[in-house]
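Chemist: What follows is a structure written as structure tokens; I'll ask about it next.
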Amino acid sequence: MNSFYNSKAAWFGVLFVLLSGLSSAFGQTPKPFLQPIAVQKNGTAMPSATPPLVAKTGSSQPISSSGALSTRRTSIPILADVEIPGYSGVLVQDLNGNLILDSNSNYAFNPASNVKVATAYAIIKTFGPDYRFATSVWTDGQIDAASGTLDGNVYVSGRDPVFNYEHAVAVASELNRMGVRSVNGDLIVTGNFVMNYSQSSDRAGALLAATMDGAKRSVAASRAWQNYLVNSGKFSTTTNAFPGVSF
């Protein structure tokens with residue numbers, strides 16, 4: 050069988066309709082940047098019935114500064130000599146909420162990668178530092194060692210938020226190690242299963258099936274698996290560099 054099932058029974062369809070409007074420019078006065086440009090000879094002034102778009106308002110000579118401009122971008126003395134790109138906002142409080150340091154904390158900044166700090170803290174606070182997200186794989190069938198076929202379904206559950214291409218290939222690699230090359234059944238995922246940060250378990254399950262199958266695996270998934278082998282130190286001439294399980 051070559052099919053994929055999700056434990057959710059409901060399917061939802063959403064139709065997005067994009068509407069765009071067109072406005073006519075006929076009969077309107079040409080805007081400044083659309084006015085015709087005429088090249089005049091040297092010494093010949095360009096006649097104009099309307100005021101020029103750009104007019105000289107003062108001297109072109111630089112204005113001397115009355116004082117040196119401050120390059121300091123923080124009010125915290127200890128950070129005054131630190132090279133901080135752009136501008137910074139800092140707010141430090143103790144565990145009781147008492148203010149320790151405050152510099153531009155009422156300004157809005159792009160938090161960028163600082164969000165990772167808050168995310169990591171929330172995960173550690175909720176689950177603890179030793180918690181690991183587990184991905185479980187079950188089957189209700191038997192393995193035919195002669196043909197390398199698993200006669201039965203494969204069930205995958207887990208809510209690892211960073212389950213990605215390399216993890217899907219790792220599941221296929223583990224099945225290969227057990228002697229499984231093909232599955233005569235269905236791949237079934239639970240409703241909380243996610244992959245590649247997709248919020249849809251339907252799409253995540255379909256992507257898992259395609260990534261586990263070496264013939265259907267994307268170039269990006271193959272590259273992620275190779276990078277994983279190299280970065281983890283598991284790459285060797287004896288390692289199965291192209292694992293795969295077909296459904």
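Residues in the sequence shown are numbered from 50 upward in steps of one, following our numbering.
Glycine residues also receive a C-beta, built at the ideal position from the N, C-alpha and C atoms.
Please read these numbers as outputs of a predicted model, since none were measured by experiment.
(1) Buried or exposed: which applies to GLY76, given that a residue is buried once 16 or more other Cβ atoms fall within 10 Å of its Cβ?
(2) Rounded C-beta distance between THR184 and ASP209? I'm assuming under 8 Å.
(3) Could you tell me the alpha carbon to alpha carbon distance between VAL279 and ASN163, rounded to whole angstroms?
(4) DSSP beta-bridge partners for SER231?
(5) Would you list the one or two residues that DSSP bridges to THR260?
(6) Counting Cβ pairs closer than 8 Å, one from the segment 223 to 243 and one from the segment 195 to 214, do we hit at least three?
(7) Assign ASP193 to one of three DSSP states: helix, strand, or coil.
(8) ALA273 and ASN213 look like a contact to me (Cβ under 8 Å); what is the Cβ gap, rounded to whole Å?
(9) For LEU224, which residues in the same chain have their Cβ closer than 7 Å to its Cβ, ignoring the five residues on either side in sequence?
(10) Whole angstroms is fine: what's the gap from ASN245's alpha carbon to PRO178's?
(11) Is it right to say GLY254 is buried, meaning 16 or more other beta carbons lie within 10 angstroms of its own, or is it exposed?
(12) In three-state terms, what does DSSP make of VAL243?
(13) Roughly how many angstroms separate the alpha carbons of VAL268 and ALA259, rounded to a whole number?
(14) Using only the alpha-carbon positions, how far apart do SER249 and ALA169 sit?
(15) Taking buried to mean at least 16 other C-beta atoms within 10 Å of its own C-beta, is SER222 buried or exposed?
(16) Just list the residues that DSSP pairs ASN152 with in beta bridges.
(17) Hey, quick one: how far does the beta strand (DSSP E) through SER185 stretch, first residue to last?
(18) Who are the Cβ neighbours of TRP187 in its own chain at under 6 Å, not counting the five residues just before and after it?
(19) For the beta strand (DSSP E) containing LEU236, list its first residue and its last residue.
(20) In angstroms with no decimal places, state the Cα-to-Cα distance between VAL356 and ASN159.
Modeler: A quick look at the data gives this:
(1) Here the question's residue 76 lines up with position 27 in the sequence shown. Note on GLY76: pLDDT 45, under 50, position unreliable in the model; the coordinate value appears next. Exposed, since its Cβ has fewer than 16 Cβ neighbours within 10 Å.
(2) Counting from 1 along the sequence shown, the entry for residue 184 is found at position 135. Counting from 1 along the sequence shown, the entry for residue 209 is found at position 160. Going by Cβ atoms, the distance from THR184 to ASP209 rounds to 6 Å, so yes, they are a contact pair.
(3) Working through the sequence shown from its first residue, we reach residue 279 at position 230. Working through the sequence shown from its first residue, we reach residue 163 at position 114. Going from the Cα of VAL279 to the Cα of ASN163 covers about 28 Å.
(4) Residue numbering aside, residue 231 sits at position 182 when the sequence shown is read from its first letter. DSSP output for SER231 lists THR198 and SER295 as bridge partner(s).
(5) The residue given as residue 260 occupies position 211 in the sequence shown. THR260 pairs with nothing; no bridge assigned.
(6) Verdict: yes, contact present.
(7) Locating residue 193 in the sequence shown gives position 144, where the first residue counts as 1. Three-state result, ASP193: strand.
(8) For this step, residue 273 is matched to residue 224 along the sequence shown. For this step, residue 213 is matched to residue 164 along the sequence shown. Between ASN213 and ALA273 the Cβ distance is about 7 Å, and since that is below 8 Å, they are a contact.
(9) In the sequence shown, residue 224 corresponds to position 175, counting from 1. So the qualifying residues of the chain are VAL294.
(10) Translated into the one-based positions of the sequence shown, residue 245 becomes position 196. Translated into the one-based positions of the sequence shown, residue 178 becomes position 129. Looking at the two C-alpha atoms, the distance is approximately 23 Å.
(11) The residue you call residue 254 lines up with position 205 of the sequence shown. Around the C-beta of GLY254, 16 or more other C-beta atoms lie within 10 Å, and the residue is accordingly described as buried.
(12) For the purposes of this step, residue 243 is taken as residue 194 along the sequence shown, with counting starting at 1. If DSSP states are grouped into helix, strand and coil, VAL243 belongs with coil.
(13) Position 219 of the sequence shown, counting from 1, holds the residue named residue 268. Position 210 of the sequence shown, counting from 1, holds the residue named residue 259. In a straight line, the C-alpha of VAL268 is about 12 Å away from that of ALA259.
(14) Along the sequence shown, one-based indexing puts residue 249 at 200. Along the sequence shown, one-based indexing puts residue 169 at 120. When rounded, the distance between both Cα atoms is 23 Å.
(15) Counting from 1 along the sequence shown, the entry for residue 222 is found at position 173. SER222 should be labelled buried.
(16) By one-based count along the sequence shown, residue 152 stands at place 103. It is Ser, not Asn, that sits at residue 152 in the sequence shown. Answer is VAL139.
(17) Position 136 of the sequence shown, counted from the start, is the residue given in the question as residue 185. Start and end: 185 to 188.
(18) The residue given as residue 187 occupies position 138 in the sequence shown. Closer than 6 Å at the Cβ level, and outside the excluded window around TRP187, lie TYR204.
(19) Within the sequence shown, the letter at position 187 stands for residue 236. Note, LEU236: beta strand (DSSP E), 236 to 238.
(20) Given a span of 50 to 296 for the chain in the structure shown, any question on residue 356 remains unanswerable.
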